[in-house]
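Be aware that the sequence shown starts at 1, since it is given in UniProt numbering, and climbs by one per residue. Virtual Cβ for every residue (Gly too), placed ideally from N, Cα, C. Below is one structure, written out as structure tokens, with a few remarks after it.
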Amino acid sequence: MNLSRLLYYKHRILVHNNKEYFINYQPVIKCIENLLSNPEISQLFVYDYKKLEIENEQSYGEQYTGNWWKKVKESIPSVAYILSIILYSDATTTDTLGKRSLHPIYISLGNIPTWRRNKEDTKQLLGYLPILSAKDEREKKSSEFKKLVRET
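Rendered as structure tokens:
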């Protein structure tokens, strides 16, 4: 097992109600390197624009079938390639009572066809966003707390 792939950093981003909040993450470039170094994934990579037609009509199914990809590919040197980085996150409940949750951030690449990108090994856990706790319902509903949550 390559333990360097498991290296995460922890950075304190704020203190609220005498509680410290941290973001845990690994460098974006490390996640991208991990994805690119997997031969099962990299052999399926699409670097060039692909026109998709269904019944003689232009269709769009992947990022690399879109007009944006075509325009950008035409505007860069022929030895250069587009690397489409996809970031996404969603809070996840971590206990059966629904009282604890984490907010993971994942990274994947748009150069991987969707059917393959939906598999677990085409995603990397980039890190976890902190989830702030309010001391009571009044604070939770306050505009100051809502602003702090958005900024965190």
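Between the beta-carbon of I23 and that of P130 there is about 6 Å, and that keeps the pair under the 8 Å contact cut. Membership of V15 in the beta strand (DSSP E) is indicated by the continuous run Y9 to H16.
Exposed is the label assigned to I54, since fewer than 16 other Cβ atoms lie within 10 Å of its Cβ. Counting C-beta atoms within 10 angstroms of its own C-beta, G61 has fewer than 16 neighbours from the protein chains shown and is therefore classed as exposed. CA-to-CA, the gap between F45 and P113 works out to about 7 Å. By the neighbour-count definition (other C-beta atoms within 10 Å, threshold 16), Q43 is an exposed residue. For F22, the enclosing beta strand (DSSP E) begins and ends at K19 to Y25. Of the other Cβ atoms in all chains shown, 16 or more fall within 10 Å of the Cβ of Y64; this residue is therefore buried. In the displayed model, Q63 falls within a helix according to three-state DSSP. In this model, L109 and K70 are separated by some 17 Å (Cα to Cα). Look at the segment 40 to 84 and you find these whole runs of alpha helix (DSSP H), each 4 residues long or longer: 67 to 75. Contact between the segment 74 to 89 and the segment 131 to 151 is absent: fewer than 3 CB-CB pairs across the two stretches fall below 8 Å.
For S142, no beta strand (DSSP E) run applies, since DSSP gives it neither H nor E.
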